[in-house]
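In this text, residue positions in the sequence shown follow our numbering: the first is 593, and each later residue adds one. Positions of the beta carbon are idealized from the N, C-alpha and C atoms, including for glycine.
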Amino acid sequence: MIRDDHGGYRGNDRYGYFGHEPYSYFGYKPYNYEACDLQSDESLGSAPSASWPRIPRVSVLVTARNYGSFLDACLHSILAQTIRPAEVLYADDGSEDDSVRIARAFEPLGVRTLALPFQGVVASRNRAARAATGELLLFVDGDNLLAPDFLERQLEALADGAAFAYVAKQYFGRSRASWEPPEWDRDRLWLENYVDTSALIRREWFEAAGGWRETPAQTMWDWDLWLRVSRYGPGRRAATRLYYRHHGANWSTAREASYRGRRGAIRGMIRRAAARVAVVTVFSGRLPQLLPRWLEALAAATASPPGERPELLILDDSPQGFWTLAGSLIPRFESSFSALKVVRIHAGRTWQERRPDQAATARFLAGACHRAGLESPAEVLWFLEDDILVPPHAYDRLLRLLLDGEQPRAAVAGLYRSRHEPRYVLSRVEGSAVRHAEHPPAEAGPWDLTGTGCLMIFRPLAKAVFRPAWPVPGTRRIVPAHDWSFAWQLREAGHPVWVDPAVQCRHYVNETEWV
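This is the structure:
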């Protein structure tokens, strides 16, 4: 349990703190807390045993616009906490009702008011955060209520080092439903949001993540924030709940009808804006004269990313060394990537020496692909071979195919031909037979086997590993193929690789000829 060594923080005397009768001093009717059962909820389980060496400074930041009829109840629920925050700040987003007057009536109790011009919820929250002094921040919408132990339980959840603590929700007003979020699972957070705006967050991670920001969808700002903050540390579920008032003026209620039928597209916008992407290539040095065009094609494809610019990760297997071959080129492309990382993986054998030994080649490439996952924290890895040039629309189309929809896909791929055989590098498995595609598919769809020439994977969903061999179904035959092994694992898990024939890539045989 949390120990309070500072005095004066504990002691919720149910609504009569500091000798005031609730609401009576400015003439508003007391809110009926019992109507929504606003109390500690033992059904949520016991609190963790971890404790803080001292109570950190908590800033509760309330933002609202034209919520005067709800604001008094909200502020009272904050001031009635079993552990009171160090400061409470109300940021008014250009209200046209009496919200500011109501908030200023709480100034004797320590509530500060920022009367701002109308800017929108994102700007108002960020303005409140800049004005706050706390080590921990809690954002609260002005129409919601906190259970009396809300902060106490959230602090307990954060005591073991988590980045933020989130809670269950109990709806009241027009709805009596409840929302019980799962225990923390970052991969699951990429599938759907289960963290509300009112999660207690460490200020350092809030600022490191860039704070609140506008999203392409103009909604789901909380999901976007928690996806970014979770890069720095895990969330923890706190054993308490937020009381979420459902009424006709809710922003989510007002927008619900307009977004009906577009949910998958909106989720895709949020994922694409928040996801980090690393472009990964195993650089063999086989076609050094192709490298400028390879970089130009990649830079053109990623010129307008929906989020951060991608990282470029070079796994350097060239005998000469990547910097020897490409050092003079890099300044031209520095602005195209968020970072350039070169990892030397050359072990003495050239690609020509390794090629006759297919098993050795598969072992090397499986290890290289695995290394990529260790070297980059990106949620999306785009494997792109150094002899494949992508079209300008490749990045956008593949990322949309990968991340849009109610549920994202585990992996997607562009289309390219084999350098060695008159076929495309995609196949179906029928029994124990592998049927290679001789013609491009008519539309995007799932395939059993693909290559890693232009393969984009979503790591939270792609629960597979690159292995050096693929066991042919129904036989004892083993095929040395790291790419087939990976694709088959995804297929068996119910997440086959989708191939988009609109992303037709050039596969170069030499520095001038391609198939």
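- Ignoring anything shorter than 3 residues or poking outside the region 936–990, list the beta strand (DSSP E) runs there in chain order. With a minimum length of 3 residues, the continuous beta strand (DSSP E) runs that stay inside the region 936–990 are 972–976.
- Query: Are ALA755 and GLY825 close, meaning C-beta to C-beta below 7 Å?
  - Reply: With respect to the 7 Å criterion, ALA755 and GLY825 are classified as neighbours on the basis of their beta carbons.
- Item | Beta-carbon proximity list for ALA1061, same chain, < 6 Å, skipping 5 on both sides | Here ALA1061 has ILE1070 and PRO1072 as same chain residues with Cβ atoms under 6 Å from its own Cβ, once five neighbours each way along the sequence are excluded.
- Identity of the residues DSSP links to TRP782 by a beta bridge: According to DSSP, TRP782 bridges with nothing at all.
- Query: In terms of alpha-carbon separation, which member of PRO774, GLY1086, GLU784 and GLY734 lies closest to SER790?
  - Reply: It is GLY734.
- Query: Which partner residues of TRP776 appear in the DSSP bridge assignment?
  - Reply: DSSP lists no partner for TRP776.
- Item | Three-state class that DSSP yields for LEU879 in the structure shown | Coil.
- Query: Which one of TYR786, ARG717, TRP782 and HIS1028 has the shortest CA to CA distance from ALA970?
  - Reply: Closest by alpha carbon: TRP782.
- Quick one: Cα of PHE618 to Cα of ARG693, how far? Caution is warranted here: a pLDDT of 25 is assigned to PHE618, below 50, making its placement in the model unreliable, and no coordinate value can be reported.
- Endpoints, alpha helix (DSSP H) assigned at ARG1083: DSSP places ARG1083 in the uninterrupted alpha helix (DSSP H) bounded by 1074–1084.
- Does the beta-carbon of ASN736 have 16 or more other beta-carbons within 10 angstroms, so that it is buried, or is it exposed? With 16 or more other Cβ atoms inside 10 Å of its own Cβ, ASN736 counts as buried.
- Query: So who's on the other strand from SER770, going by DSSP bridges?
  - Reply: Note: SER770 sits in a beta bridge opposite GLN762.
- Tell me, please, which residues DSSP counts as bridged to LEU1018. Paired residues: THR1042.
- Query: Among residues of its own chain, excluding the 5 on either side of HIS838, which ones have a beta-carbon nearer than 6 Å to its beta-carbon?
  - Reply: Within the same chain, HIS838 has close Cβ partners TYR763, GLY765, ARG766 and SER767.
- Message: Using only the alpha-carbon positions, how far apart do PRO749 and PRO740 sit?
- Response: Note on residue identity: the sequence assigns Ala, not Pro, to residue 749. Rounded to the nearest whole angstrom, the C-alpha separation of ALA749 and PRO740 is 16 Å.
- Message: Give me, in chain order, the residues of the same chain whose beta-carbon lies closer than 8 Å to that of PRO1065; leave out the 5 immediate sequence neighbours on both sides.
- Response: If we look at PRO1065 and ignore the five residues flanking it on each side, its Cβ neighbours are VAL1021, GLY1023 and SER1024.
- Inter-residue Cα distance where the pair is ASP996 and TYR758: So the alpha carbons of these two residues sit roughly 26 Å apart.
- Message: Looking at the secondary structure, which residues open and close the beta strand (DSSP E) in which VAL654 lies?
- Response: 650–656 is the extent of the beta strand (DSSP E) around VAL654.
- Per DSSP, what kind of secondary structure is LEU737 in: helix, strand or coil? For LEU737, the three-state secondary structure derived from DSSP is strand.
- Query: Would you say LEU981 and MET1048 are within 7 Å of each other, going by their C-beta atoms?
  - Reply: When the beta-carbon positions are compared, LEU981 and MET1048 stay at least 7 Å from each other.
- Query: For THR674, does the three-state DSSP call read helix, strand or coil?
  - Reply: For THR674, the secondary structure class from DSSP, reduced to helix, strand or coil, is coil.
- Could you give the DSSP three-state label for ALA720: helix, strand or coil? It is helical.
- Look at the alpha carbon of ARG1059 and the alpha carbon of GLY1043, and state the distance between them as a whole number of angstroms. The alpha-carbon atoms of ARG1059 and GLY1043 are separated by roughly 13 Å.
- the region 852–866 in contact with the region 793–813 per 3-pair CB rule at 8 Å: Yes, the region 852–866 is in contact with the region 793–813.
- What residue does the alpha helix (DSSP H) around ILE694 start on, and which one ends it? 691–696 is the extent of the alpha helix (DSSP H) around ILE694.
- Item | Under 7 Å between C-beta atoms of ARG1009 and HIS1074 | Contact: no.
- Query: Between the region 889–907 and the region 1024–1043, are three or more C-beta pairs nearer than 8 Å?
  - Reply: Result no; under three Cβ-Cβ pairs closer than 8 Å.
- Among residues of its own chain, excluding the 5 on either side of GLN746, which ones have a beta-carbon nearer than 6 Å to its beta-carbon? Only ALA757, LEU792 and ALA830 meet the Cβ criterion.
- Item | Spatial neighbours of ILE862 in its chain, beta-carbon cut-off 7 Å, leaving aside the 5 residues before and after | Excluding positions up to five away in sequence, the list reads THR807, ALA809, MET812, TRP815 and ASP816.
- Spatial neighbours of GLU626 within its chain, please: CB distance less than 7 Å, with the 5 preceding and 5 following residues excluded, ordered by chain position. Here GLU626 scores only 36 on pLDDT, less than 50, and its place in the model should not be relied on; the value that follows carries that caveat. Closer than 7 Å at Cβ, skipping near neighbours: no residue.
- Query: What do you get for LEU921, buried or exposed, if any count of 16 or more other CB atoms within 10 angstroms of its CB means buried?
  - Reply: Exposed, since its Cβ has fewer than 16 Cβ neighbours within 10 Å.
- So, helix, strand or coil for GLU679, using DSSP? The answer is strand: DSSP assigns GLU679 an E or B state.
- Message: Rounded to the nearest angstrom, what separates HIS612 and ARG823 at their Cα positions?
- Response: Annotation note: pLDDT 29 at HIS612 (below 50); position unreliable, coordinate value reported separately. Rounded to the nearest angstrom, the two C-alpha atoms are 44 Å apart.
- Query: Is the Cβ-Cβ distance between ALA866 and GLU903 less than 7 Å?
  - Reply: Against a cut-off of 7 Å, the Cβ pair of GLU903 and ALA866 comes out as no contact.
- Message: For the structure I just gave you, are there three or more beta carbon pairs, one from the region 672–692 and one from the region 709–727, closer than 8 Å?
- Response: Proximity of the region 672–692 to the region 709–727 meets the contact definition, three or more beta-carbon pairs being nearer than 8 Å.
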